[in-house]
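In our numbering, the protein residues as written are 136 to 233.
Where a beta carbon is used, it is the ideal one built from N, C-alpha and C, also for glycine.
Presented below is the structure to which this report refers.
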């Protein structure tokens, strides 16, 4: 994963191993999906957290995926943002030795 490689280059291997937290990986895929739209990151994100599409029934999800709109149909909840925030703060606290 490019995120782990980048962190290893910037902060070293110990920090790179810390970025393996599931919430950080999910956040990375979410950001990639937001930036690039429907594609490989959106597929990986759906595998990690299908709940981002739970507001749609399965038939509607398939229609959106077929039309290339999977990325535009997701809904990030406040609880998701709280998890991402906590994981990000936790990562930087561990990296900085706090």
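Query raised in the report: Near residue 218, which residues of its chain fall below 6 Å by C-beta distance, leaving aside the five closest residues on each side in sequence?
Result: 158
Report task. Starting from the C-beta of residue 210, find all residues in its chain whose C-beta is less than 7 Å away, skip the five residues before and the five after it, and write them out in chain order. Result -> 187, 190
Requested in this report: Below 7 Å CB to CB, which residues in the same chain sit around residue 203 once its five sequence neighbours on both sides are set aside?
Outcome: 173
Query raised in the report: Rounded to a whole number of angstroms, what is the C-alpha to C-alpha distance between residue 221 and residue 162?
Result: Our two residues, residue 221 and residue 162, have alpha carbons roughly 11 Å apart in a direct line.
**Report entry** Coarse secondary structure for residue 158, derived from DSSP in three states
**Finding:** Helix.
Query raised in the report: Quick one: what does DSSP say residue 231 is sitting in, helix, strand or coil?
Result: In the structure shown, residue 231 sits in a helix (DSSP, three-state: H, G or I).
Report task. Spatial neighbours of residue 179 within its chain, please: CB distance less than 6 Å, with the 5 preceding and 5 following residues excluded, ordered by chain position. Result -> 164
Query raised in the report: With 16 other CB atoms within 10 Å as the buried threshold, where does residue 194 fall?
Result: exposed
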